[in-house]
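What follows is a single structure, written as structure tokens, with notes after it.
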Amino acid sequence: MILRVSKVQKSYGKEKVLKNISFEIQEPKIVALIGPNGSGKSTLLSIITNLIQADRGDVEVFGESNRNPHMFKQISFMQDNTVLYDYLTGYDHLQFIGDAQGIAKKDLLKTAERIGITDYLHKKVKQYSLGMKQHLLLALAIVNQPKLLILDEPLNGLDPTSAIRVRNLLLDLAEKGTTILLSSHNLGEIDRVTSHILFLKDGELLEENLSDYQQTAFEIETNQPDHLKEIARNYGFKTGGSKGERVAIILNGKSVSEFFEMLSKENMDIRDMEKKVFGSEERYQRLFNREPLL
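Heads up, this note's numbering is the position in the sequence shown plus 138, with the first residue counted as 1.
This is how it looks when you write it as structure tokens:
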């Protein structure tokens with residue numbers, strides 16, 4: 139077990155920020171935490187990394203409480219750029235972590251090169267753009283080679299080239315066994331790095347799918363849309379919205395062959411059919427804006 143969050147609750151005064159949050163990550167992967175501003179994402183990440191305490195509930199990392207001091211070397215947290223010091227250089231920040239955790243200078247410089255911050259590493263942070271600060275924060279987060287990497291909006295302020303660089307870095311880290319939990323508003327980039335999604339709204343998990351998020355669906359035109367939806371549900375498929383005589387049938391974990399077998403058995407009158415793959419953006423629209431998958 140890499141991470142277990144169990145019945146976590148957090149309030150500030152009368153405002154309930156997190157409401158009984160529970161989920162598990164059992165094997166190395168990239169997991170995305172998605173939700174609108176104010177949904178509790180940053181608070182949840184701060185509780186997991188033990189920066190703040192939950193009012194109730196428990197967090198376990200690699201089978202032990204996240205409050206055990208020796209766990210800190212296995213977890214790293216990329217926060218927003220308010221944790222940086224304007225009067226220090228990028229290298230000063232890296233050296234601070236290096237001195238604290240016994241990381242050699244050559245490894246600090248190797249990390250800087252990997253992230254692409256070598257050219258401005260010795261400039262003071264007050265001279266950095268938002269994107270440069272994001273790169274430095276990411277370097278600080280990975281320099282100790284953590285087993286669990288937690289990132290709060292790592293793509294914020296990045297131009298397309300930088301976003302691609304960070305995306306490839308995350309995929310490389312995950313391939314080598316690092317578990318990554320990240321929050322982001324960039325749904326397009328999320329779909330490029332993971333299909334494992336947690337949706338958070340008003341302090342509650344609306345939906346958890348850590349096995350395979352992206353859904354395959356078929357948009358079908360038929361003269362019996364309501365009948366097709368009823369049949370599909372009986373076979374264990376999900377149905378999306380309908381527009382006139384068009385209806386979306388979501389595979390819901392079933393195979394394409396099972397879908398066509400259903401159509402054949404039921405002898406449905408199909409006029410037109412289009413295959414679609416729904417990612418995080420479509421699911422977000424459905425969950426938060428109540429827009430159907432069609």
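Where a beta carbon is used, it is the ideal one built from N, C-alpha and C, also for glycine.
Taking Cβ positions, are residue i and residue j nearer each other than 8 Å?
i, j, result
"I190", "E165", "no"
"K381", "S177", "no"
"V304", "L296", "yes"
"M406", "T354", "no"
"S300", "G326", "no"
"T256", "A277", "no"
"V331", "P363", "no"
"A259", "Y229", "Per the sequence presented here, residue 259 reads as Leu, with Ala not at that position. Contact: yes."
"A170", "I335", "yes"
"I172", "I328", "yes"
"L226", "V263", "yes"
"T181", "K148", "yes"
"I433", "F337", "Residue 433 is absent from the model: the chain starts at 139 and stops at 432."
"N294", "Q272", "yes"
Pick helix, strand or coil for residue i, following the three-state DSSP scheme.
i, result
"L171", "strand"
"I408", "strand"
"F337", "strand"
"L189", "coil"
"S322", "coil"
"L276", "helix"
"M270", "helix"
"R142", "strand"
"Q147", "strand"
"F161", "strand"
"R194", "strand"
"V281", "coil"
"R421", "helix"
"K376", "strand"
"T332", "coil"
Could you tell me which residues DSSP pairs with residue i in its beta bridges?
i, result
"R384", "E359 and K381"
"T317", "L286"
"T354", "V415"
"I213", "L286"
"V199", "L141 and E202"
How long is the line joining the alpha carbons of residue i and residue j, rounded to whole angstroms?
i, j, result
"L183", "E368", "41 Å"
"L348", "T317", "In this prediction, L348 scores a pLDDT of 47, lower than 50, which makes its location untrustworthy; the coordinate-derived value is nonetheless stated afterwards. So the two alpha carbons sit approximately 13 Å from each other."
"L222", "G254", "18 Å"
"I235", "T377", "51 Å"
"H208", "S267", "35 Å"
"E162", "K145", "11 Å"
"S203", "E153", "26 Å"
"N175", "E291", "11 Å"
"L366", "S395", "17 Å"
"K414", "K403", "23 Å"
Is it a yes or a no for the segment 281 to 291 touching the segment 201 to 218, going by three-plus beta-carbon pairs under 8 Å?
Here the segment 281 to 291 lies against the segment 201 to 218, with 3 or more beta-carbon pairs under 8 Å apart.
Is the number of C-beta pairs between the segment 226 to 243 and the segment 189 to 208 that are closer than 8 Å three or more?
Pairwise C-beta distances place the segment 226 to 243 out of contact with the segment 189 to 208, as fewer than three of them are shorter than 8 Å.
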